[in-house]
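Q: The number in the numbering used here is simply the position in the sequence shown, starting from 1, with 98 added.
Even glycine gets a Cβ: it sits at the ideal position worked out from N, Cα and C.
Here's a structure for you.
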Amino acid sequence: PRCRGGGRTQAPRAPPLAIIPAMDDSTLHQALSTFEEFLRAERLKMTGQRRQMVRAALDQSGHFTAEELYQRLVREGESVSMATVYRGLRLLEDAGIVEGHDFADGQRRYERALQVEHHDHMVCVDCRAVVEFRSEEIEKIQQRIVEEQDFDLEDHNLTLYVACRRWRKTGKCSRREERERLGDSQD
């Protein structure tokens, strides 16, 4: 079965500690090369602003919104508009460098698509935290169901919408507090 970026899944393996590894120079180089090829095919140019957007998008940890990427670029001294960020993210998504998700809250969230192991998502309906997970058991069940219906699995996304027990019980949530802390430190 094909997972993100058109790659084929491999034999089951233990879930990694980090589904999205830290970005290194080779990942950035690969992304820039991929993006330049994509832009050439679209008869567009690689600009300094687009190069910075690739770097900033890949440097983000976890999921991010267009607004968060815009704020980061502005903090780094880039003169960029929200419209440019939206257009750039669309190009990065079309090029397979980032993957966009709509988690039913009206804000598209993005994550790095290069060198990322397939994973699924849980979205907290209380604090909007996005938690990535990998379950071989779920993958096997999905594959079995597809085969029982005489299909071949091409791709899939699984998003579970969950409620934070701790938040509902105590009004405190470590995920929410961490998101707020990170958001505050980035402004």
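1. Let me know if residue 249 comes out buried or exposed under the rule of 16 or more other beta-carbons within 10 Å of its beta-carbon.
2. Please name the residue or residues paired with residue 208 in a DSSP beta bridge.
3. Please list, in chain order, all residues of the same chain as residue 273 whose beta carbon is under 8 Å from its beta carbon, the five residues on each side excluded.
4. What's the call for residue 319, buried or exposed, on a 16-neighbour Cβ count within 10 Å?
5. Count the other CB atoms, across all protein chains shown, that sit within 10 Å of the CB of residue 139; report buried if there are 16 or more and exposed otherwise.
6. Going by DSSP in three states, residue 248 sits in which element: helix, strand or coil?
7. Where DSSP assigns a beta bridge to residue 218, which residues make up the other side?
8. Any idea if residue 231 is buried or exposed, counting beta-carbon neighbours within 10 angstroms, 16 or more meaning buried?
9. Quick check: the Cα distance between residue 245 and residue 234, rounded to an integer number of angstroms?
10. Using a 10 Å radius around the Cβ and a threshold of 16 neighbouring Cβ atoms, would you call residue 166 buried or exposed?
11. How many angstroms separate the CA atom of residue 147 from the CA atom of residue 209?
12. Nearest by alpha-carbon distance to residue 276: which of 251, 159, 253 and 205 is it?
13. Taking the beta carbon of residue 172 as the centre, do at least 16 other beta carbons fall within 10 Å, making it buried, or is it exposed?
14. Report all residues from its chain with a CB closer than 6 Å to the CB of residue 136; omit the five preceding and five following residues, and keep chain order.
15. In chain order, what residues of the same chain have a beta carbon less than 8 Å from the beta carbon of residue 152, not counting five sequence neighbours either side?
A: Straight from the coordinates:
1. Taking the sequence shown and counting its residues from 1, one reaches residue 249 at position 151. Per the 10 Å Cβ criterion, exposed.
2. For the purposes of this step, residue 208 is identified with residue 110 of the sequence shown, where counting begins at 1. According to DSSP, residue 208 bridges with 162 and 198.
3. Along the sequence shown, one-based indexing puts residue 273 at 175. Within the same chain, residue 273 has close Cβ partners 222, 225, 227, 229 and 262.
4. Here the chain has residues from 99 to 285 only, and residue 319 is not among them.
5. Position 41 of the sequence shown, counted from the first residue, corresponds to residue 139. With fewer than 16 other Cβ atoms within 10 Å, it is exposed.
6. Along the sequence shown, one-based indexing puts residue 248 at 150. Collapsing the DSSP output to three states places residue 248 in coil.
7. Position 120 of the sequence shown, counted from the first residue, corresponds to residue 218. Secondary-structure assignment with DSSP links residue 218 through a beta bridge to 231.
8. As a working note, residue 231 is residue 133 in the sequence shown. Its Cβ having fewer than 16 others within 10 Å, residue 231 is exposed.
9. Here residue 245 refers to the residue found at position 147 of the sequence shown. Here residue 234 refers to the residue found at position 136 of the sequence shown. Rounded to whole angstroms, residue 245 to residue 234 spans 16 Å at the Cα level.
10. Working through the sequence shown from its first residue, we reach residue 166 at position 68. Under this definition residue 166 is a buried residue.
11. Start at 1 with the first residue of the sequence shown, and residue 147 comes out as number 49. Start at 1 with the first residue of the sequence shown, and residue 209 comes out as number 111. Distance between the alpha carbons of residue 147 and residue 209: 19 Å.
12. If you number the sequence shown from 1, residue 276 lands on position 178. Minimum Cα distance to residue 276 is reached at 159.
13. Position 74 of the sequence shown, counted from the first residue, corresponds to residue 172. Exposed.
14. Residue 136 sits at position 38 when you count from the first residue of the sequence shown. Excluding positions up to five away in sequence, the list reads 193.
15. For this step, residue 152 is matched to residue 54 along the sequence shown. Only 126, 129, 130, 133, 190 and 195 meet the Cβ criterion.
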